[in-house]
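Following: one structure in structure tokens, then a few remarks.
Chains as they are written, first to last, in the UniProt record's numbering: chain Y, 1 to 559; chain H, 1 to 445.
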């Protein structure tokens, strides 16, 4: 194996710059980022003549965290003019920015962070820009800084949903931050990056012939010298002792906790303790692995659900690659009652050659399974008349991750109103029932949205009214609570109501304004979710997160 | 709603949002708290010390939290700006590569946020003494080494004088090295996952609440691969890299000091590791992995840094102004699957070697030699001491310095613990990295 040319000359300067993140999402993830342009809708115009309006710092901070790792480009839409109050919260503005377009100035200073990233700015309202049907499709993700006019939010979310562009809607008010993610109705992820320990799939209860041969070729353990005995890979030890257990237990494997404990003691009794070390490391490893590794293969319910989804059955010429592969894997499962073997082997005490040989048994089986899945896929492709074949690499990655794939069923940005979905209202009510629930902050932000919407929608009527106007808050609190309880006040208990009123007080304390720390924290979280959505790696939020800076806690809700 | 209290006009426009929050009580702020001018003055007069690798975010956040007098330290001379910092440390540009981080960051933030004074100190936190630390109201750190954290922790605890409330300096600590708390050492031995999406924020009130040393076992060190595996039975590509780095370099190039930033050195280790891997039919040695192993690289991204830095600076703002309750005392964060945080109160331990008054219990094998015991302290989660010296109340067991004493105590290294100590005896351990002694009570198992 000759070193690759890249290795001889060392990494490129781009690889060096992005080294710390390439270790998280690899070149494929990075390419996906570089192919993406992100739209930030940072305000929807002033809130009447007396107010400075939305400062939108959380969105700007999110963009910072996306520009640094090198997304392809970003667009800022923001009709606001830079005021003094902006300088106290937004790091990407300077004194010289006062009185200029906030979109232009923020864009200019964000671009300085990374010369590889394109930046565009528009000092007009998003409604105006949406008039151009080609505007939105240039973007792979939309981030909206709330509160924003309801009509604008609805138009944006609906248009994005039709185009299958994900949307993040953020509030950052005083010590409180909340955001929701709207994904397309079906959002599949192959590389979910589960905890490596949970991905171990060693098939000890049903060894395939080559693995069984590896155990058989061990020979007699008793006749080994201490060095050999102490270097038998623990996996083979377990397989050997399982065979013996089976013989003395009418052909049954240890199945419950009690039997596993007995089996563990049986393994322990075979370790040599009269040697110089007073024990054997490989036996210690075997003993530690019993409970975790000796269990039959079972298909996770999330994978079963994916297999049962209509997309997996009704393939068409235009089905996404994901569904073609998923369907082939379902066929594999139906044939073998297991998923393709991931093929990775944990490190364990063993001699080099023995370990490599065992590793090859796993790798070979995994390769064989991939070949079988690929054959099914090629057949499907030919039956469907698809001319562009799915790449081998994609099939391989899918097989390796098959036990952990996910399909998120996207939901709309949650909004409480008279015509809200009953399921949403129920989810919010049950969120409120938890002790110290943070769903109350979500509700307070919904009321803030309603107050701002009323001021923005009727500028003539409300000019001069503050975002902290008592009358508006009381009216909208009652209206939102009526919607939430469908008119039955008993649907929310006393302590939940108190929680809501506390949340309202904390949110009103800031009068709609942002604190930089909280905006920055929200920007970090929003950027993280954006990275997951753009790379299609890791598992994105489904669908609402609330952070309470007063009590240093967060919660996730499915609203 | 409470009425706002008047504040100086010139600053009022810029700090409009911040002052609103500081001028009204909230549902969770203390009943005795006085919002308004007094609070704002307290904020502006608080001198803050920031230290460590989350520096860019922390500096920006402190400046935009209204603090006026900020000092930064421990982005040392050796820690100059590297190209691999640019994916997250946003105050640095291509043209800044090679310059000291603290100076570039301080100058940038001072220029951007008018009215803030930032004093950089290029050097190590250990260079400074108690007088220096005494001038600050709060210390915030985003240090990437456990050693530096433990040092600042024990220093701040040592400074507390019960007669003088000003001597108690709250320590706010953030880290993104991604150790899952609540796992015991054994569980994570095989699970070395630095995901880059994890971190933690914690607030320590020296002597009053759980300290970094109390929580040490939640941050276990990465267990080293046994030397015999590296030397004789490699199985993983990482083992081949360790061999090239630790053994082959010593044999073939002992006159060159290994420099992990020297491309030629890394390439040599890479090629040597590749050769060894071929010999053992091991696949997977790459240049990227070689760099990762020899430089002990932890993946890092801007978004995780931002989350952790902002949660720590938010606590600093709350402590300085009392506008809301501060974190008691630990928030862990994990972002691979949605957004997950867990906030809890870590326990103050009576046997904490730094803030407790009891010796910490430790189980040991009586047949172990003193030398092996000393080596094991580097990896034991509850100790993590790399160059320990130790004594009992009666005698010195092993002392590294001065050389005469080292020579005198060296013969003890080959003796078994049972030949040197009684079961249940207490020992005091010192280490050049720390200013205090660690007390352990050894129980034979």
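Just so you know, even glycine gets a beta-carbon here, dropped at the ideal spot from N, CA and C.
Once DSSP output is grouped into helix, strand and coil, what is the label at residue i?
{"i": "residue 215 of chain H", "result": "coil"}
{"i": "residue 341 of chain H", "result": "strand"}
{"i": "residue 576 of chain Y", "result": "The question about residue 576 of chain Y has no answer here: the residues shown for chain Y are numbered 1 through 559."}
{"i": "residue 445 of chain H", "result": "coil"}
{"i": "residue 238 of chain Y", "result": "helix"}
{"i": "residue 280 of chain H", "result": "coil"}
{"i": "residue 148 of chain H", "result": "helix"}
{"i": "residue 306 of chain Y", "result": "helix"}
{"i": "residue 383 of chain Y", "result": "helix"}
{"i": "residue 288 of chain H", "result": "helix"}
{"i": "residue 434 of chain Y", "result": "coil"}
{"i": "residue 112 of chain Y", "result": "coil"}
{"i": "residue 174 of chain Y", "result": "strand"}
{"i": "residue 450 of chain H", "result": "With chain H covering only 1 through 445, there is no way to say anything about residue 450 of chain H."}
{"i": "residue 283 of chain Y", "result": "helix"}
{"i": "residue 276 of chain Y", "result": "coil"}
{"i": "residue 172 of chain H", "result": "strand"}
{"i": "residue 160 of chain Y", "result": "helix"}
{"i": "residue 194 of chain H", "result": "Any answer about residue 194 of chain H is weak, because its pLDDT of 49 lies below 50 and its placement is not dependable; what the coordinates show is given next. The answer is coil: DSSP assigns residue 194 of chain H none of H, G, I, E or B."}
How is the alpha helix (DSSP H) around residue i delimited, first residue to last?
{"i": "residue 325 of chain Y", "result": "321-336"}
{"i": "residue 264 of chain Y", "result": "257-269"}
{"i": "residue 401 of chain H", "result": "No alpha helix (DSSP H) holds residue 401 of chain H; DSSP gives it neither H nor E."}
{"i": "residue 400 of chain Y", "result": "392-401"}
{"i": "residue 445 of chain Y", "result": "439-457"}
{"i": "residue 448 of chain H", "result": "Any property of residue 448 of chain H remains undetermined from this structure, which presents chain H solely from 1 to 445."}
{"i": "residue 350 of chain H", "result": "First-last for residue 350 of chain H: undefined, no H or E at that position."}
Taking the continuous beta strand (DSSP E) assigned at residue i, which residues delimit it?
{"i": "residue 75 of chain Y", "result": "73-77"}
{"i": "residue 207 of chain Y", "result": "Residue 207 of chain Y -> no beta strand (DSSP E), and no H or E assigned at all."}
{"i": "residue 67 of chain H", "result": "Residue 67 of chain H -> no beta strand (DSSP E), and no H or E assigned at all."}
{"i": "residue 139 of chain H", "result": "138-142"}
{"i": "residue 361 of chain H", "result": "360-364"}
{"i": "residue 117 of chain H", "result": "117-121"}
{"i": "residue 16 of chain Y", "result": "It is not in any beta strand (DSSP E) - residue 16 of chain Y instead sits in the alpha helix (DSSP H) that spans 13-17."}
{"i": "residue 39 of chain Y", "result": "37-41"}
Let me make sure I understand the geometry here. Which of the options has the alpha-carbon closest to that of residue i?
{"i": "residue 26 of chain H", "options": "Y:381, Y:502, Y:66 and Y:117", "result": "Y:502"}
{"i": "residue 319 of chain Y", "options": "Y:283, Y:381 and Y:407", "result": "Y:381"}
{"i": "residue 527 of chain Y", "options": "Y:77, Y:188, Y:167 and Y:102", "result": "Y:167"}
{"i": "residue 176 of chain H", "options": "H:153, H:347, H:57 and H:130", "result": "H:57"}
{"i": "residue 303 of chain H", "options": "Y:525, Y:54 and Y:41", "result": "Y:525"}
{"i": "residue 113 of chain H", "options": "Y:85, Y:102 and Y:357", "result": "Y:85"}
{"i": "residue 162 of chain H", "options": "H:205, H:437 and H:358", "result": "H:205"}
{"i": "residue 288 of chain Y", "options": "Y:261, Y:55, Y:221 and Y:66", "result": "Y:261"}
{"i": "residue 20 of chain Y", "options": "H:363, H:197 and H:349", "result": "H:197"}
Validate contact between the segment 335-350 of chain H and the segment 42-49 of chain H using beta carbons, cut 8 Å, 3 pairs: Two segments are said to touch when three or more pairs of C-beta atoms, one from each, lie closer than 8 Å; by this definition the segment 335-350 of chain H does not touch the segment 42-49 of chain H.
Members of the segment 214-231 of chain Y that neighbour chain H once the beta carbon cut-off is set at 9 Å: 231
Near-chain Y residues of the segment 202-229 of chain H (beta-carbon distance less than 7 Å), N- to C-terminal order: none
Three or more C-beta pairs below 8 Å linking the segment 491-498 of chain Y and the segment 145-152 of chain Y: no
Segment contact, 8 Å Cβ cut-off, at least three pairs: the segment 165-177 of chain Y with the segment 189-200 of chain Y: no
Where the segment 28-46 of chain Y meets chain H: residues whose CB sits under 9 Å from a CB there: none
At least 3 beta-carbon pairs within less than 8 Å: the segment 280-289 of chain H vs the segment 230-239 of chain H: These segments touch.
Within 7 Å of chain Y by C-beta, residues of the segment 249-283 of chain H in sequence order: 263, 267, 270, 271, 274, 278, 280, 281 and 282
Short-range partners of chain H found in the segment 508-522 of chain Y, where Cβ spacing is below 9 Å: 508, 509, 510, 511, 512, 513, 514, 515, 516, 517, 518, 519, 520, 521 and 522
Contact residues within the segment 86-120 of chain H, judged by C-beta distance below 9 Å to chain Y: 86, 87, 88, 89, 90, 93, 94, 109, 111, 112, 113 and 114
Meets three-Cβ-pair contact criterion under 8 Å: the segment 9-20 of chain Y and the segment 514-523 of chain Y: no
Three or more C-beta pairs below 8 Å linking the segment 311-321 of chain H and the segment 31-39 of chain Y: no
Sufficient close CB pairs (3 or more, under 8 Å) joining the segment 92-99 of chain H to the segment 147-165 of chain H: no
Against chain Y: residues of the segment 135-157 of chain H by CB proximity under 7 Å: none
contact_flag[the segment 363-371 of chain Y, the segment 434-446 of chain Y] where n(CB pairs < 8 Å) is 3 or more: Fewer than three Cβ pairs drawn from the segment 363-371 of chain Y and the segment 434-446 of chain Y lie within less than 8 Å of each other, which leaves the two stretches out of contact.
Proximal residues, the segment 12-38 of chain H versus chain Y, C-beta separation under 7 Å: Against chain Y - using a Cβ distance shorter than 7 Å - the residues of the segment 12-38 of chain H are 13, 14, 15, 16, 17, 18, 20, 21, 24, 26, 27 and 28.
Proximal residues, the segment 315-336 of chain H versus chain Y, C-beta separation under 9 Å: So the close ones are 315, 316, 317, 318, 323, 324, 325, 326, 327, 328, 331, 333, 335 and 336.
Meets three-Cβ-pair contact criterion under 8 Å: the segment 307-322 of chain Y and the segment 413-423 of chain Y: no
Stretch pair the segment 242-253 of chain H + the segment 203-214 of chain H: three plus CB contacts closer than 8 Å: no
Members of the segment 433-449 of chain Y that neighbour chain H once the beta carbon cut-off is set at 8 Å: none
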